[in-house]
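Asks: Here the sequence shown is numbered in this note's numbering, starting from 914 and rising by one per residue. Each residue gets a CB set at the ideal place from its N, CA and C atoms; glycine is no exception.
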Amino acid sequence: AKAFGFIGREQVRALPQGDWRHWRQPIRGGWGFSTAEQAWPVSDTTAEAFKAVLCLRNDPCTANVTALPDEHLFDTVQFLLSYQNADGGWATYENCRGWKWYELMNPSEVFGDIMIDYSYVECSASVMGALTIFSQQFPEHRSAEIARAVRRGAHFIKSMQRRDGSWYGCWGSCFTYGCWFGIEGLVYSGECPADCAPIKRCIQFLLSHQNPDGGWGEDFASCFDREYARRDKLY
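(1) Could you tell me whether the stretch 1027 to 1046 touches the stretch 945 to 953, using the rule of 3 or more Cβ pairs below 8 angstroms?
(2) Using DSSP with H/G/I as helix, E/B as strand and the rest coil, what is residue 954?
(3) Given 8 angstroms as the limit, is there contact between the stretch 984 to 993 and the stretch 1042 to 1055, that is, 3 or more CB pairs closer than that?
(4) Taking C-alpha atoms, which residue in 1112, 1136 and 983 lies nearest to residue 1086?
(5) Helix or strand or just coil, what does DSSP make of residue 924?
(6) Under DSSP, the alpha helix (DSSP H) around residue 1149 begins and ends at which residues?
(7) Quick one: grab the DSSP three-state call for residue 1074.
(8) For residue 912, tell me which candidate among 982, 1101, 1039 and 1098 has the shortest Cα-Cα distance.
(9) Are there 16 or more other CB atoms within 10 angstroms of the CB of residue 1030, so buried, or fewer, so exposed?
(10) With distance defined between alpha-carbon atoms, name the residue in 1011, 1018, 971 and 1045 nearest to residue 994.
Rendered as structure tokens:
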């Protein structure tokens, strides 16, 4: 109950003032890596916080906690829908506003692919899950828009699948992590695992990389080699 109250209080409500209001994404209804005062919400952070709110809002354990008004939930839906990119996926902090060649001007010595915000399988799957759960609880609110957004998200996830059936995970190590979100996003979009070819290919990939002890281990070298790097007895 205390955690539910905390999440509700940390939803971004105030709009930026002065110069801070220019040249940035809408922020009302989102959640960030920190408290609401930080005011830099992120797509998947918002989606995961939104899932928690939706799952707990009618739970008996939160009966004595002031829940977010429906209007605040609707603001989150608007936030998430507005963050969808033209390719159907979701980035982190903002929509993609440029081209890959901007990376030629990357001044960083340690980070790549930072000049624009790209769509990610992980962010997309999180948002698709949150919107799907919301639509189940509020079928009368923007259901057609949500359904279309989720379909576009599924198309993006399928387009990012590698030939071996895996997905590259950008925010964790790496292919095992990416497969989690790839499958989850497609399931949230309504795909049946038994009939969905991309999911079945991914399952085959995971089975082929299972360790003899029954677990899965992957070295962080996968991230920069972009090929699966096995590590025994890691997870």
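Replies: Straight from the coordinates:
(1) No, because fewer than three Cβ pairs between the stretch 1027 to 1046 and the stretch 945 to 953 fall closer than 8 angstroms, the two stretches do not touch.
(2) DSSP places residue 954 in strand when its eight states are reduced to three.
(3) In short, these stretches touch, since the Cβ pair count reaches three.
(4) It is 1136.
(5) The answer is coil: DSSP assigns residue 924 none of H, G, I, E or B.
(6) What is shown of the chain runs 914 to 1148, which leaves residue 1149 out entirely.
(7) Residue 1074 carries a coil assignment under DSSP once its states are collapsed to helix, strand and coil.
(8) For residue 912 there is no data in the structure shown, the boundaries of the chain being 914 and 1148.
(9) Counting C-beta atoms within 10 angstroms of its own C-beta, residue 1030 has 16 or more neighbours from the protein chains shown and is therefore classed as buried.
(10) Residue 1045 is the option with its Cα nearest to residue 994.
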